[in-house]
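Asker: Chains as they are written, first to last, in my numbering: chain A, 6 to 196; chain B, 4 to 446. For glycine and all other residues, C-beta sits at the position ideal for the given N, C-alpha and C. Just so it is clear, the structure is predicted and the values come from calculations on it, not from any experiment.
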Amino acid sequence: MNRSLRLALFVVVALVQLAVAGGAIVKSELALRTGEAFRFRIQPVDPVDAFRGRYVAIRFAVERAPATDDLEVRSGGTIYVPLDVNADGYAALGQAKTDRPRGSSYLRLRAGVVSPDEEGNRWVWVALPFRRYYMDEDRAPEAERAVWAGRRGQREASISVRVRNGVGVIEELYIDDVPIHQWLAENAQDR
Amino acid sequence: MGRLSIRWLLGELPKLEAEGVIDATVAERLRAHYAEKTSGSGRRLVVAIFAVFGALLIGGGVILLLAHNWEAFGRGTRATIALAPLLVSQVMVGWVLAKRCESTAWREGTATLLALTVAAAIALVDQTYHTGGDLESFLWRWSLLLAPLPWLLNSTAVAMLFLASLAWWAGAAKVEGSQILVMWPLAAAVVPHLVQVLRSGRRGLRAANLQWAIALFLCVAAGLGLDHRVPGLWIVVYVGLFALMITLGAASRRGEEGLWRRPLEVVGFTGSIVMWLILSFDEPWRHIGWKHIHTTERFHEVTSWLDLVLAIGLPLAAIVAMALLLDRGQHSLYLLWGISVPLVAVVWPLTAATDSRWIGAVSFSLLLLVVGIATIAEGVRRQNLGTVNLGMLVVAMLVMVRFFDSGFGFILKGFAFILVGTGFLVANVVLSRSLRAAEEEAK
Numbered sequence: 006m007n008r009s010l011r012l013a014l015f016v017v018v019a020l021v022q023l024a025v026a027g028g029a030i031v032k033s034e035l036a037l038r039t040g041e042a043f044r045f046r047i048q049p050v051d052p053v054d055a056f057r058g059r060y061v062a063i064r065f066a067v068e069r070a071p072a073t074d075d076l077e078v079r080s081g082g083t084i085y086v087p088l089d090v091n092a093d094g095y096a097a098l099g100q101a102k103t104d105r106p107r108g109s110s111y112l113r114l115r116a117g118v119v120s121p122d123e124e125g126n127r128w129v130w131v132a133l134p135f136r137r138y139y140m141d142e143d144r145a146p147e148a149e150r151a152v153w154a155g156r157r158g159q160r161e162a163s164i165s166v167r168v169r170n171g172v173g174v175i176e177e178l179y180i181d182d183v184p185i186h187q188w189l190a191e192n193a194q195d196r
Numbered sequence: 004m005g006r007l008s009i010r011w012l013l014g015e016l017p018k019l020e021a022e023g024v025i026d027a028t029v030a031e032r033l034r035a036h037y038a039e040k041t042s043g044s045g046r047r048l049v050v051a052i053f054a055v056f057g058a059l060l061i062g063g064g065v066i067l068l069l070a071h072n073w074e075a076f077g078r079g080t081r082a083t084i085a086l087a088p089l090l091v092s093q094v095m096v097g098w099v100l101a102k103r104c105e106s107t108a109w110r111e112g113t114a115t116l117l118a119l120t121v122a123a124a125i126a127l128v129d130q131t132y133h134t135g136g137d138l139e140s141f142l143w144r145w146s147l148l149l150a151p152l153p154w155l156l157n158s159t160a161v162a163m164l165f166l167a168s169l170a171w172w173a174g175a176a177k178v179e180g181s182q183i184l185v186m187w188p189l190a191a192a193v194v195p196h197l198v199q200v201l202r203s204g205r206r207g208l209r210a211a212n213l214q215w216a217i218a219l220f221l222c223v224a225a226g227l228g229l230d231h232r233v234p235g236l237w238i239v240v241y242v243g244l245f246a247l248m249i250t251l252g253a254a255s256r257r258g259e260e261g262l263w264r265r266p267l268e269v270v271g272f273t274g275s276i277v278m279w280l281i282l283s284f285d286e287p288w289r290h291i292g293w294k295h296i297h298t299t300e301r302f303h304e305v306t307s308w309l310d311l312v313l314a315i316g317l318p319l320a321a322i323v324a325m326a327l328l329l330d331r332g333q334h335s336l337y338l339l340w341g342i343s344v345p346l347v348a349v350v351w352p353l354t355a356a357t358d359s360r361w362i363g364a365v366s367f368s369l370l371l372l373v374v375g376i377a378t379i380a381e382g383v384r385r386q387n388l389g390t391v392n393l394g395m396l397v398v399a400m401l402v403m404v405r406f407f408d409s410g411f412g413f414i415l416k417g418f419a420f421i422l423v424g425t426g427f428l429v430a431n432v433v434l435s436r437s438l439r440a441a442e443e444e445a446k
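#1: Could you tell me the alpha carbon to alpha carbon distance between N157 of chain B and G207 of chain B, rounded to whole angstroms?
#2: Would you list the residues sitting across from Q182 of chain B in a DSSP beta bridge?
#3: For the stretch 133 to 167 of chain B, enumerate the residues whose C-beta is nearer than 8 Å to any C-beta of chain C, in chain order.
#4: So within the stretch 56 to 81 of chain A, which uninterrupted beta strand (DSSP E) runs reach at least 3 residues, ignoring any that extend past its ends?
#5: Short check: CB of L227 of chain B to CB of A162 of chain B, under 8 Å?
#6: If we cut at 8 Å on Cβ distances, does Y179 of chain A have a partner in chain B?
#7: Just to confirm, does A122 of chain B get its C-beta within under 7 Å of one of the non-hydrogen atoms of the ligand SAH?
#8: Ends of the beta strand (DSSP E) at L262 of chain B?
#9: Determine the direct distance from the alpha carbon of L329 of chain B to that of L149 of chain B, and round the result to whole angstroms.
#10: Would M403 of chain B be called buried (16 or more neighbouring beta carbons within 10 Å of its own) or exposed?
#11: With DSSP run on the structure shown, which of helix, strand or coil describes V50 of chain A?
#12: Mind checking if F15 of chain A is an interface residue toward chain B, Cβ cutoff 8 Å exclusive?
#13: Of all the CB atoms in chain B, is at least one closer than 8 Å to the CB of V86 of chain A?
#14: Measure the CB-CB distance between V374 of chain B and L339 of chain B and report whether it falls below 8 Å.
#15: For G27 of chain A, would you say it is in contact with chain B, using Cβ-to-Cβ distances shorter than 8 Å as the test?
#16: Mind checking if A24 of chain A is an interface residue toward chain B, Cβ cutoff 8 Å exclusive?
#17: Does the CB of I183 of chain B have a neighbour CB from chain A at under 8 Å?
#18: Tell me whether the beta-carbon of A126 of chain B lies closer than 8 Å to the beta-carbon of L169 of chain B.
#19: Where does Y95 of chain A sit, in a helix, a strand or coil, going by DSSP?
#20: Report the rounded CA-to-CA distance for L346 of chain B versus L247 of chain B, giving the unit in angstroms.
#21: Looking at chain A, which residues of the stretch 104 to 125 of chain B have a Cβ within less than 7 Å of any of its Cβ atoms?
#22: I want to see whether chain B comes within less than 8 Å of D74 of chain A, judged by CB atoms only; does it?
#23: Nearest by alpha-carbon distance to S343 of chain B: which of B:A30, B:E443, B:F272 is it?
#24: Return the chain-ordered list of same chain residues with a C-beta closer than 6 Å to the C-beta of A225 of chain B, the five sequence neighbours on each side being excluded.
#25: Could you tell me whether the stretch 109 to 122 of chain B touches the stretch 73 to 81 of chain B, where touching means 3 or more Cβ pairs closer than 8 Å?
#26: If you follow the beta strand (DSSP E) that P121 of chain A is part of, which residue opens it and which one closes it?
#27: Have a look at B:S435, B:K177, B:P195, B:A124 and flag the residue whose alpha-carbon is nearest the alpha-carbon of G382 of chain B.
#28: State whether the stretch 86 to 100 of chain B contacts the stretch 6 to 26 of chain A, with contact taken as three or more CB pairs (one from each stretch) at a distance under 8 Å.
#29: Below 7 Å on C-beta distance, what does I175 of chain A contact in chain B?
#30: Pairing CB atoms from the stretch 21 to 35 of chain A with CB atoms from the stretch 122 to 139 of chain B, are three or more of them under 8 Å?
#31: Do you know offhand how far Y111 of chain A's Cα is from V78 of chain A's?
#32: Check I291 of chain B in the structure and name its three-state DSSP category.
#33: With a threshold of 8 Å between beta-carbons, can V96 of chain B be considered close to chain A, or not?
#34: Considering only DSSP beta bridges, list what V323 of chain B is partnered with.
#35: Considering only the alpha carbon of each residue, which of B:G136, B:A175, B:C222 lies closest to R115 of chain A?
#36: Any contact between the stretch 64 to 75 of chain A and the stretch 174 to 193 of chain A? By contact I mean 3 or more CB pairs, one from each, below 8 Å.
Set out below in structure tokens:
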């Protein structure tokens, strides 16, 4: 293969590499700057990734959305889940649909299995895309402990999320409604 | 001219000189000429190795620095930091492609750096925005972005990184219960690079390194890729795979010296010994075959068929490769190790039909014993200590494994041990006698 063709192909590959990394930046920035804000209550766990450093792992108490009787979706298929706000101010998953909802904020998610509960209501299981809150390697373990203490009922942990066009990006991790960095600074003496 | 050929030529010089084919000055000039050549190629090799390791360390350092998570910087700064090293290494690779394409050190070094800065960029974006999911998703995106690079940049180091990342992804995805069929077509991205490398120098270090990576990848991928709908097919797949590696390694061998330059054979022999030892227990043979096809779980249709294709294709390919070797006539040792293929072709269906666990276990114990002793004998015949040791290792491992095997009764175990012990003594006597005879002959 001649040199200029190889160089041209490499330029294409290089642009794809930049587009993948840059595209993720643009998508996330758009959601963070213009998306609607929601707050999710969380249950967190465990913390390290060889490439991306330390993080607070996030789990949700319930990860299923109500499904209508006519919802037909295969496991692994795409569904759109509108976001509602509960009386206590936290986000709740609305009725799952196979086409994009209009007028309200929604998340584009991968469907798990659809199954009825004891009362006969149908639910579709989903995996919310908010899995990790990356932090400074010294602070992540402290934050983890704080959030774990929350699980035992002493503290409440939650994340705020910005949602735009089906894309959700985590904005902040809260302990008792205080942003995590502020909370760690305030509680420095207790540790 | 390769180093081996040069060494051969230099070895021939005294004879040529003595026979009057060339005179002393010509011989001296040839020596001086090729001495330069060999030292130069050695130096180039060292430079290339340092370039790759330098790039690995720098790239790894960048990833570690970014993993620390510099929260003090704003999102904009961190996005810039994510893209800057990627852009720099892209420009470096572009410059190398345009100006220094012939230099292995430049190509491999900058390509390695690019591969790692790609990882750093996607990792830092994930970290900054708390997106990107788990490790599996990260490794998948990295593997995809690496796929065209080995061929495009003619870089073996990146090919090795790519295969490692892909195997790691497949393992992580399998644990998560995801479908990994796409691993095979993606892995095929290294094939054009393999052709590239074999064409430019099949005895070279790059060819050896790449074959190591491919052989090890196949060992992992064959296991991960299986769907296991028909239980026990892995036995046929792995026996076939290792036999194929041994015979392909022997068939493509052109006088390479040293174990590092014969990866297919090394992985094939090691894999075979481990596999046969496992199969000499009765446990792997429990509930295998068509009578025990899983029907309750959900399986992927294509992957199930692929299982079957591998289970038939790999042993068949091994047999074809063996037939090629047979044609050349001087590879009795390799053919001996290939016996496992016809053996498994008989034992597997027999076990599946009768549900008897012992046919397989006993067959493979006998296989280990027979191949071990025959390898020792072959080593003695060729006066090759390495081969004798290989045979000894096989028999010794078999004995050790059986000693700890609780499946056999004490009486059976006792007899077997006495038999193996006697075998060792006999082998010893034969070996020492033949060595003594050879020594006397030499005198």
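Answerer: Put simply:
#1: Mapped onto the second sequence, residue 157 of chain B falls at position 154. Mapped onto the second sequence, residue 207 of chain B falls at position 204. The alpha-carbon atoms of N157 of chain B and G207 of chain B are separated by roughly 14 Å.
#2: As a working note, residue 182 of chain B is residue 179 in the second sequence. Beta-bridge pairing links Q182 of chain B to no other residue.
#3: Chain labels in this structure do not include chain C; the protein chains are A and B.
#4: Listed in chain order, the complete beta strand (DSSP E) runs (minimum 3 residues) inside the stretch 56 to 81 of chain A are 58 to 64, 69 to 71.
#5: As a first step, residue 227 of chain B is located in the second sequence; it is residue number 224 there, counting from the start. As a first step, residue 162 of chain B is located in the second sequence; it is residue number 159 there, counting from the start. Result no, Cβ atoms of L227 of chain B and A162 of chain B do not sit closer than 8 Å.
#6: For this step, residue 179 of chain A is matched to residue 174 along the first sequence. No - not a single Cβ of chain B is within 8 Å of the one on Y179 of chain A.
#7: You won't find the ligand SAH in this model; it holds no ligand whatsoever.
#8: By one-based count along the second sequence, residue 262 of chain B stands at place 259. From DSSP, L262 of chain B is part of no beta strand (DSSP E); its letter is neither H nor E.
#9: Working through the second sequence from its first residue, we reach residue 149 of chain B at position 146. Working through the second sequence from its first residue, we reach residue 329 of chain B at position 326. C-alpha separation (whole angstroms): 40 Å.
#10: Sequence index remark: in the second sequence, residue 403 of chain B carries index 400 (1-based). The residue in question, M403 of chain B, is exposed, as its Cβ has fewer than 16 Cβ neighbours within 10 Å.
#11: Translated into positions along the first sequence, residue 50 of chain A becomes position 45. Bear in mind that a pLDDT of 48 at V50 of chain A, under 50, signals an unreliable position, so the number given afterwards is only what the model happens to contain. The answer is strand: DSSP assigns V50 of chain A an E or B state.
#12: Residue mapping note: residue 15 of chain A aligns to position 10 of the first sequence, counting from 1. Interface residue, yes.
#13: Numbered from its first residue, the first sequence carries residue 86 of chain A at position 81. No, its Cβ sits nowhere closer than 8 Å to a Cβ of chain B.
#14: As a first step, residue 374 of chain B is located in the second sequence; it is residue number 371 there, counting from the start. As a first step, residue 339 of chain B is located in the second sequence; it is residue number 336 there, counting from the start. Cβ distance < 8 Å, so V374 of chain B and L339 of chain B count as in contact.
#15: The residue given as residue 27 of chain A occupies position 22 in the first sequence. For G27 of chain A, the answer is yes, since a Cβ of chain B falls inside 8 Å of its Cβ.
#16: As a position in the first sequence, residue 24 of chain A is number 19, starting the count at 1. For A24 of chain A, the answer is no, since every Cβ of chain B falls outside 8 Å of its Cβ.
#17: As a working note, residue 183 of chain B is residue 180 in the second sequence. I183 of chain B does not count as touching chain A.
#18: In the second sequence, residue 126 of chain B corresponds to position 123, counting from 1. In the second sequence, residue 169 of chain B corresponds to position 166, counting from 1. Not a contact, by the Cβ cut-off of 8 Å.
#19: The count along the first sequence starts at 1 and reaches residue 95 of chain A at position 90. Y95 of chain A: coil per DSSP, three-state reduction.
#20: Locating residue 346 of chain B in the second sequence gives position 343, where the first residue counts as 1. Locating residue 247 of chain B in the second sequence gives position 244, where the first residue counts as 1. About 14 Å.
#21: Answer in chain order: C104, V121, A122, A124, I125.
#22: Start at 1 with the first residue of the first sequence, and residue 74 of chain A comes out as number 69. With 8 Å as the cut-off, D74 of chain A does not count as an interface residue toward chain B.
#23: Locating residue 343 of chain B in the second sequence gives position 340, where the first residue counts as 1. Out of B:A30, B:E443, B:F272, B:F272 has the C-alpha closest to the C-alpha of S343 of chain B.
#24: Locating residue 225 of chain B in the second sequence gives position 222, where the first residue counts as 1. Once the five neighbours on either side are set aside, the close Cβ partners of A225 of chain B are V240, L244.
#25: The stretch 109 to 122 of chain B, when compared against the stretch 73 to 81 of chain B, does not touch it at the 8 Å Cβ threshold.
#26: The residue given as residue 121 of chain A occupies position 116 in the first sequence. Residues 111 to 121.
#27: For this step, residue 382 of chain B is matched to residue 379 along the second sequence. For G382 of chain B, the closest alpha carbon among the candidates B:S435, B:K177, B:P195, B:A124 is that of B:S435.
#28: Flag = yes, the stretch 86 to 100 of chain B and the stretch 6 to 26 of chain A touch.
#29: Taking the first sequence and counting its residues from 1, the one referred to as residue 175 of chain A is at position 170. Chain B residues near I175 of chain A: H133.
#30: These segments touch.
#31: Mapped onto the first sequence, residue 111 of chain A falls at position 106. Mapped onto the first sequence, residue 78 of chain A falls at position 73. For Y111 of chain A and V78 of chain A, the distance between alpha carbons rounds to 17 Å.
#32: As a position in the second sequence, residue 291 of chain B is number 288, starting the count at 1. Coil at I291 of chain B, not helix or strand.
#33: Residue mapping note: residue 96 of chain B aligns to position 93 of the second sequence, counting from 1. With respect to chain A, the C-beta atom of V96 of chain B has a partner C-beta closer than 8 Å.
#34: As a working note, residue 323 of chain B is residue 320 in the second sequence. When DSSP reads this structure, V323 of chain B sits in no beta bridge, so it has no partner.
#35: What you label residue 115 of chain A is simply residue 110 of the first sequence in a count that begins at 1. Of B:G136, B:A175, B:C222, the smallest CA-CA separation from R115 of chain A is found for B:G136.
#36: Too few Cβ pairs lie closer than 8 Å, so no.
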